[in-house]
Amino acid sequence: MTHQVLYRQKIQKTLTDYFLLQYILFKYVLFFWEKWIFTFYIPEGHILRRIKEAVDFKEIGRMIEVKYS
615 MTHQVLYRQK
625 IQKTLTDYFL
635 LQYILFKYVL
645 FFWEKWIFTF
655 YIPEGHILRR
665 IKEAVDFKEI
675 GRMIEVKYS
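Mapped onto our numbering, the consecutive letters of the sequence shown carry residue numbers 615 to 683.
This is how it looks when you write it as structure tokens:
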């Protein structure tokens with residue numbers, strides 16, 4: 615292989631790793647943001663807390679994940 619092809623592959627891998635890291639960080643930020651919102655802003659007994667306990671949003675996320683790129 616030529617140096618250009620190897621260089622291009624290295625850049626593609628670096629970008630892929632970068633975007634994967636950004637995605638993971640974004641998911642963790644959303645997780646902590648959700649915890650913070652529920653802890654400080656939504657009162658006990660509010661309907662949103664009951665919905666959160668009753669619905670498995672992780673399962674819904676897995677079901678719709680294949681619909682988005």
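For each residue, glycine too, the CB sits at the ideal point set by N, CA and C.
Three-state secondary structure (DSSP) of residue i
{"i": "residue 655", "result": "coil"}
{"i": "residue 672", "result": "helix"}
{"i": "residue 617", "result": "helix"}
{"i": "residue 680", "result": "coil"}
CB contact flag (residue i, residue j, <8 Å)
{"i": "residue 663", "j": "residue 656", "result": "yes"}
Same chain, Cβ closer than 7 Å to residue i, five either side skipped, listed in chain order
{"i": "residue 680", "result": "none"}
{"i": "residue 625", "result": "none"}
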